[in-house]
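Structure first, then comments.
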Amino acid sequence: MADPRGFLKVTERAKPNSREIEVRIKDWKEVYEPQDLGTIKTQSARCMDCGIAFCHQGCPLGNLIPEWNDLVWRDNGKEAIERLHATNNFPEFTGKLCPAPCESSCVLGINQPAVTIKQIELSIIDQAFDRGWVSVHAPERMTGKTVAVVGSGPAGLAAAQQLTRAGHTVAVFEKDDKIGGLLRYGIPDFKMEKHHIDRRIEQMEAEGTRFRTGINIGRDISWSDLYRRYDAVLLATGSDRPRDLKIPGRDLDGVYFAMTYLTQANRTVAGEAIPNQISAEGKHVVILGGGDTGADCLGTATRQGALSVTTLAIGKRPMNSVMKPSPGRLTRISLRWQVPMRSLASEFIWLAPLNSSETMG
Amino acid sequence: MSSASPFERFNTAPAASGLYDPSRDKDACGLAMVATLRGQPGHDIIETALQALTNLDHRGAVGSDEGTGDGAGLLSQIPDRFFREVLEFELPNSGHYGAGLVFLPEELDLRSWIANFEQLAKWANCKLLGIRQVPTNPGVLGSLSRKAMPQIIQVFVSSLLEKSGIEFERDLYLLRKQSERKLDCYHPSLSSRTIVYKGMLTTMQLEPFYPDLSHELFESKLALVHSRFSTNTFPSWPLAHPFRFIAHNGEINTIKGNRNWMRAREAKLASDLLPFLEDLKPIISAGASDSASFDEVLELLVLSGRSVPHALMMMIPEAWEKQKEMPQSLRDFYEYHSMLIEPWDGPAAVLFTDGDLVGATLDRNGLRPGRYIVTEDGLVVLASEIGVVGIDPSRIVRKGRLQPGRMFLADTASGRLIDDDDIKSEIAALEPWGQWLEENRINLRDIPDREHIAYTKSSVARRQRTFGYTVEELRMIIAPMAKTGAEPIGAMGSDTPIAALSDRPRLLFDYFVQQFAQVTNPPLDSIREEIVTSLSVGIGPEQNLLTATPEHAKMVVLDFPVLSNDELAKIKYAEDSGFGKAFVVKGLYRVDEGSVALSSRIQEIYDEVDEALSTGITFIVLSDRDSNRELAPIPSLLLTSAVHHHLLRRGMRTKVGLVVEAGDVREVHHVAALIGYGAAAVNPYLAMESAELMVRSGEIAGITVAKAIENLIKALGKGVLKVMSKMGISTVASYAGAQCFEAIGLSQEFIDAYFTGTTSQLGGIGLEVIAQEIQERHSSSYPIERAMRPHEDLDTGGEYQWRRSGPPHLFNPETVFKLQHATRTKRYDIFKQYTDLIDDQAEKLMTLRGLFKLRTGVRKPVSISEVEPASEIVKRFSTGAMSYGSISPEAHEVLAIAMNRLGARSNTGEGGEDIERLLDPQRRSAIKQVASGRFGVTSMYLTHADDIQIKMAQGAKPGEGGQLPPNKVYPWIAKVRHSTPGVGLISPPPHHDIYSIEDLKQLIFDLKRANTKARVQVKLVSQVGIGTVASGVAKAKADVILVSGHDGGTGASPLSSLKHAGTPWELGLAETQQTLRINGLRDRVALQVDGQMKTGRDVVIAALLGAEEYGFATAPLVVSGCVMMRVCHLDTCPVGVATQNPELRSRFTGKAEFVENFFMFLAEQVREYLAELGFRSLDEAIGHSELLDVNKAISHWKADGLDLTPILATPDESGPLRRYTVQDHQLDKHFDKTILDRVAKALEDAQPVELELPITNVEQAVGTLLGNEVTKRYGADGLPQGTITLKLTGSAGQSLGAFIPSGIKVVLYGDSNDYVGKGLSGGTIVLRPPVSSVFPAESNVIAGNVIGYGGTSGELYLRGIVGERFLVRNSGVSAVVEGVGDHALEYMTGGTAVILGRTGRNLAAGMSGGVAYIYHLRADLVNQQALKDGELDLLLLEDADREVLLGLLQKHDAETGSTLAQRLIAEFATEVSNFTKVLPRDYANVLKIQSEASTDGLTTDSPEVWAKILEVSSRG
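Given below as structure tokens:
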């Protein structure tokens, strides 16, 4: 750790700038602007290089966070991406999408704002791509073994990449027409633009991973066939089965699962024409659920031109959550916390006055 | 008797059992020499010597059997008149017969023995004249001693060849050696010149036991006497001193190496004077003590033609290496002889005689006291103490002291004293040593450089994998060393598994732990006392030790034990440069063939080496370079030690120098281990290449490659010096091969084969597993597919900081969280989840105790309601010593409050206690620590202690001192430590009043008088041999012995010490318990244990292994909010625990309740275990190790070979398992007790009183107990000055006036021993010669070593010269003295010193505060580093100084009548310019800021002032 007193000198947490609301809701591009490297470096100095790195524990991948924070501080981006790639095949995905449990584990966070780990992570990989430090690691010799990976979400892709590099011949099966799974169709572009996925696919193809899209295992190829054709089969399908909410009013018209809605929207953004697309344009929208998916729906609905969006969240209002009023916004947005979901119908009625304290204009 | 060695006879030691091993016993002693220069022998000399011995009684010890001493003896000239009187047969002329005592087995048939001896005598060209039964009086002996008592006879022989003198001595030598070897006996001596009477006796028993000694015709011109203090109670008759030539007080730390090297030299030994040399081998007998071995070698050197002083100068050379003022011829002598023999290093005062010459010498450090007087009629008395014989002061013409490296010599034949300079210049002129050196020796640096080779990244990376480098090591070890040239520092101990329990492949180095000095000898300060150290070593073939030729000097001198790649290249290509011939051993083997290939490759290497030797090589380079996919490197330590021991066994070792080219070496410990096992120098090439690469890649910024390499070499070399210093060893030449390590987890078979002589208490793995570990590492560096781990060149590591892929840590995210959660929400269920995690981890082999199983069901379980309540159990808990300074005031108080509420104990740590807290029953710490820095140790502090803890060592860094950097000495810390804000503080490695076990006994004595109610604890760190040390400590009357594990936490420690010094407490505790029981000492001391104790299970296991009390430090800190940042040393603790930064302290969230919850939960859990085990109280459980079993269910590839049964062994006796009684401190017999009623008025009403009293050296710590009474009544301020005056006449014992507070004045007419005014707390001490004395006071010695150590206030006026280390760690005393020895004013932080005479070397080393005025100061004697770095200024006196000086001179005159002071006062105007002011720079700057601040009306403690201070101190 280069500066043990860094966290005493830099006490503020610098978040990345987001594009102006008025501007960003007019397109589907990413919300956040890249943070300048100077700020990133200053922020990385806040890392205390803990004896027990709780962040490293908090990270499901076990990212070597103190190590790369240090390298960033030392302007050694090249080594930093090596350390980052050591535990994480796709930091650009996690850096944009991960809910950052590392930051809620950060020791500095006990009594100070946590280190901006996620942002540092993102900057490392962004810089690495920019400077051409992300390279192809094709195996030198093949094992002669074949592996089928079913599902091309982040898990399937990461597994496929590791197996390919170990010298196995790997084919990734994807039922959709494009690689990426939820990354591709579940996550709106304003969170992550899709060219990030394509860039990785290019790398993986160069390393030798094969991709089979539009093949639904169990329908296009039988499972037993698959087992026969490969030495090993790895299932990384995830689940697209939504959790239903069996409450009165569930069967009313205009109630959709998020994924149905989002997938259509994302496909449209990708240039596909979707007949009978569910669109929020000119409508009042109510979102049940205040998590990431709910937020995705909110952003999508806003961009589609909803008249109003009301999010009902079961959880508590997060500390310090402030919505900035934005006069230019067309959609009225309101958030309601700690709302039990008992009846859709009654909620509509109850919502009618729209008198929420957090309603903005 | 079957034993081959005479030294193994006539002892009472039980055989080794469990962890007890009698060979580890150590001793330290009192000794005296009496001689006359009058030319006539007399019985008075014997009488005087015996009187001296009696008065040294307090330096010896008795064990559990009060009547049995550790050993006492007397050496004198042959009492010719006496023998003629008592013998019934005729004797030839004096000098023409040899005589000596013989110890024979009790049951031996004397007649056949005599017949055999007679035969042997003839063979040795001698004739047996007759024998005499030596009258003895066994009635005076204790039972143990009597049990081992031999038959004692005297033999008388003459020469068949009419030889006399030294020639006759040589025959007698041969005869004695052969007789001892073949005839089952021991000869204390057999000589025509001297005779030894000795035995397993107390000092008081020697004379009554041997009535001969009382006979008035028993006459001599000289006598040596000795009283032994052995750490155990099983001394033997032969091991009593004196030996044939010497009596020794001290310890040879390098003894293992010295013995090995001597054995190695034997093959080459040849002497015309000793034609029968073969019959004398082995020169060093088995089973001997270090002193006995020393004597054997000295004897060889003397009988082969060197004088005794010459031989001693070879074996205990003074510190010549850095002595610029030493005459060149003498330096040449020492340098030349350093190529013949390495120093026998360790604290030593040696008395010696050859029958005419008698003298004494001290080792280079001068760590043993020696004082002498000479009378007008030629009587010379030299002893460990002054005042051991009563002599009319008016007869004394000279009083002196032994000085480091100096020799005191009297020639009783010619009747004169010989000056050190005279003896040495004479010896230095014997041969043209300098010329021989000039013409033969070469310094490596003078050989031209070769071209530097740089390695590529991929080459380095591959080899880093081969040798198991981790990213962490590069980041935390190599980079900091390369960057700063110093070892990296860490904090909070170690909580990962030791190598033997580790699931991952570990380096062989990791199985070895460093030993360290503890109690029986002191560690050294290699930084402040660098002047006595040497890292230089000569390599190359050694010649015959018994001759001296120019050839002997054909050596290559290395300045440093760590070589750069380029330097190594010079050695490899020595032949090209024409200074030798190197043979490179390829330390590689076929890795896929496993241990078979490894073992056979080592055999092959032996053959290669043997063959190479026959071709005349001079160096062997052991190299592990050039490994490849097939060939893996042999661990360099294995390679080195194997070849070293092979050569030793072959008697060829001294023919070559061993240099190691090792890729696996990357930290200090590695280099130290290689040198310890025989390497002369180490080239850690891969560490250097790694550093080089990091500089090139920018990972290490701001320095050049060359500088990085230089830094790395420096850090490693200085680190090795520190490791040596921990063991008390000063020169790398004697450290080399000294094997100061123990092994944990290596099989005996493996040790015997490759690391002969190393202790490995628990057995463990052998070659097979080692080969497996290598293979694992190797396969990762040659993976089948590189692309598999494209981003992970190296493993992450995780040894120093927790990482998911790294080794497990006891404290990890989960356990820290659970512990905090449980104690903050008072949830016992969560607490149990926490302990389950720890205990389960233990089963996953985090700790040795994890391998144990509690044997429930052996005893009937009891209901938990019957078990003693938790509130009782918690009273046995204490928190660890964490100083106010290392942790925040908030954290410190939280612990204290919690412990006080529980009725348990918190510990002040080393740093004193604020008076306000001291007097607050809520916030005080019950345990007051006394550590080497003595910060804040005052009469007040001690008086208010429940326990006084003497810290001999600490788990994280045993054998090392500490440092509080300037930026952590905040104003409130400085106040409590009696120091200056913003000025760094040093805790020395040793206590400067504990260089030996008898010194510890003295300190316990002193502290017990400074507070008669408190228990005195002695804190030791677990290592092999701790049991015997603990026995010594028990005999020294400690009330509690604390055994600390190696893994304990700390605020700051070099990382290599955190990981590689000391052993787990399970081992240390078990060894201590077993040894104390075997010695019958267990019932008088309580045992405490600490070191990563975390759960109720830990407590119960400790109890079953014998501990009564339990200490916790890290866990309660975690409870208080610590999240194991491990940055305590940086003052950046983010949770306000280990920091003084006010901003961070405000983030502290700990509460006493949390800590209380923790301890109550712990106690509750202990109760549950007790119930299950069938005990109603902890007391019932203590020592029941039979209720522990090895958990067979644990199967582990490495730990399977461990044998834990020695830990669980119970000595075969039914003695007590725990403490039942208390030590007999004999407080009633103390001097002060006899005067208490005479000073009652002063104590009650502060009425002035003056007493006049005689005193002798057996009265120790005079005034201390009185001081305790004063402080009890009058608190920190004491009494008004001049209330109680003690006017004493005579020679005072040690520690005169220790800790006396204000209001007590001690005036001594006479002289005093060591430690006058130790911890002076406001009192005044005046020493002046007796009124009737005739010698000039200013040129004679008035007091001993270490005067005024750790004084905080008060005054000292000493009219005369004092010994070494005057005013060490003084923080407030004003003192005037007329001359001082070496190392004066060391570590001083405050107060004023006036020195009116010569100073010794190394003045003011580490002095960071206070002022000294020195008359005719010689700047070359001041610590040179401090001058160079600008830490000290030498200044002219300003007006204010003149005033202070004059005032002190006037007081000195008034108190002592000093004629010197009078003269200086009279001529003050001119003389003042001859004074120099010594002033530490930072201290001066801070004072200046403070005074400016007060003029500006600011408080000196304000944040503004602190900011200014920081600015100044950080500039340094």
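Sequence lines, in order, name chains A and B.
Each residue of the first sequence is one higher than the one before, counting from 1 in this note's numbering.
Each residue of the second sequence is one higher than the one before, counting from 362 in this note's numbering.
Yeah, the Cβ is synthetic: ideal placement off N, Cα and C, and Gly gets one too.
As the structure is a computational prediction, the values presented were derived from the model and not from experiment.
{"Item": "Closer than 8 Å to chain A by CB, Thr1493 (chain B)", "Value": "yes"}
{"Item": "Per-residue DSSP class, three states only, for Val1291 (chain B)", "Value": "strand"}
{"Item": "Limits of the unbroken alpha helix (DSSP H) element including Cys102 (chain A)", "Value": "Pro101 to Ser105"}
{"Item": "Chain A within 8 Å of Gln1202 (chain B), Cβ atoms only", "Value": "no"}
{"Item": "Member of B:Ala1474, B:Leu763, B:Met853 and B:Ala744 whose CA lies at the smallest distance from the CA of Gln1162 (chain B)", "Value": "B:Met853"}
{"Item": "Minimum C-alpha distance to Tyr1245 (chain B) - residue among B:Glu1274, B:Glu903 and B:Asn1763", "Value": "B:Glu1274"}
{"Item": "Candidates A:Thr11, A:Asn63, A:Ala171 and A:Lys29, of which the one nearest Arg210 (chain A) by Cα", "Value": "A:Ala171"}
{"Item": "Alpha helix (DSSP H) segment containing Lys483 (chain B), residue limits", "Value": "Leu471 to Trp484"}
{"Item": "is_contact[Ser1418 (chain B), chain A] using C-beta, thresh 8 Å", "Value": "no"}
{"Item": "Segment limits, alpha helix (DSSP H) that includes Leu1478 (chain B)", "Value": "Thr1475 to Val1480"}
{"Item": "According to DSSP, residues forming a beta bridge with Asn1044 (chain B)", "Value": "B:Glu1022"}
{"Item": "Cβ contact (3+ pairs, closer than 8 Å) linking the stretch 794-812 of chain B and the stretch 936-951 of chain B", "Value": "yes"}
{"Item": "CB contact below 8 Å: Pro242 (chain A) versus chain B", "Value": "no"}
{"Item": "Gly1767 (chain B) beta carbon near the ligand SAM (any heavy atom closer than 7 Å)", "Value": "Annotation note on the ligand SAM: not contained in the displayed structure, which lists no ligands."}
{"Item": "Neighbour-count burial assignment, Thr260 (chain A), 16 or more Cβ in a 10 Å radius", "Value": "exposed"}
{"Item": "Coil, strand or helix - Gln494 (chain B) by DSSP", "Value": "strand"}
{"Item": "Entirely enclosed alpha helix (DSSP H) segments - the stretch 413-456 of chain B, minimum 4 residues", "Value": "441-447"}
{"Item": "Short CB-CB distance (under 8 Å) between Ile52 (chain A) and chain B", "Value": "yes"}
{"Item": "Backbone secondary structure at Gln515 (chain B) - three-state DSSP", "Value": "strand"}
{"Item": "First and last residue of the uninterrupted alpha helix (DSSP H) at Ile1276 (chain B)", "Value": "Ile1276 to Leu1279"}
{"Item": "N- and C-terminal bounds of the beta strand (DSSP E) containing Val1600 (chain B)", "Value": "Counting along the chain, Val1600 (chain B) falls outside any beta strand (DSSP E), and DSSP gives it neither H nor E."}
{"Item": "Residue environment, Lys1193 (chain B), which counts as buried when at least 16 other CB atoms sit within 10 Å", "Value": "buried"}
{"Item": "Boundaries of the alpha helix (DSSP H) in which Ile556 (chain B) is found, first to last residue", "Value": "Where Ile556 (chain B) is concerned, there is no enclosing alpha helix (DSSP H), although the beta strand (DSSP E) it sits in stretches over Thr555 to Gly560."}
{"Item": "Exposure of Asp780 (chain B), with buried meaning 16 or more beta-carbon neighbours within 10 Å", "Value": "exposed"}
{"Item": "Closer than 8 Å to chain B by CB, Phe7 (chain A)", "Value": "yes"}
{"Item": "Chain-ordered chain B contacts of Gln127 (chain A) [CB-CB under 8 Å]", "Value": "Chain B residues near Gln127 (chain A): none, gap ~15 Å exceeds 8 Å."}
{"Item": "Where Tyr1195 (chain B) sits in the DSSP three-state scheme", "Value": "helix"}
{"Item": "Asp738 (chain B) burial status per 10 Å Cβ neighbour count (16 or more: buried)", "Value": "exposed"}
{"Item": "Residue range of the alpha helix (DSSP H) that includes Asp126 (chain A)", "Value": "Ile117 to Asp130"}
{"Item": "Three-state secondary structure assigned by DSSP to Phe873 (chain B)", "Value": "strand"}
{"Item": "Minimum Cβ-Cβ distance from Ala86 (chain A) to chain B less than 8 Å", "Value": "yes"}
{"Item": "Exposure label - Pro1250 (chain B); buried when at least 16 CB within 10 Å", "Value": "buried"}
{"Item": "Phe1509 (chain B), DSSP secondary structure in three states", "Value": "coil"}
{"Item": "Under 8 Å by beta carbon: chain A residues contacting Thr1157 (chain B)", "Value": "Leu64, Glu67 and Ala86"}
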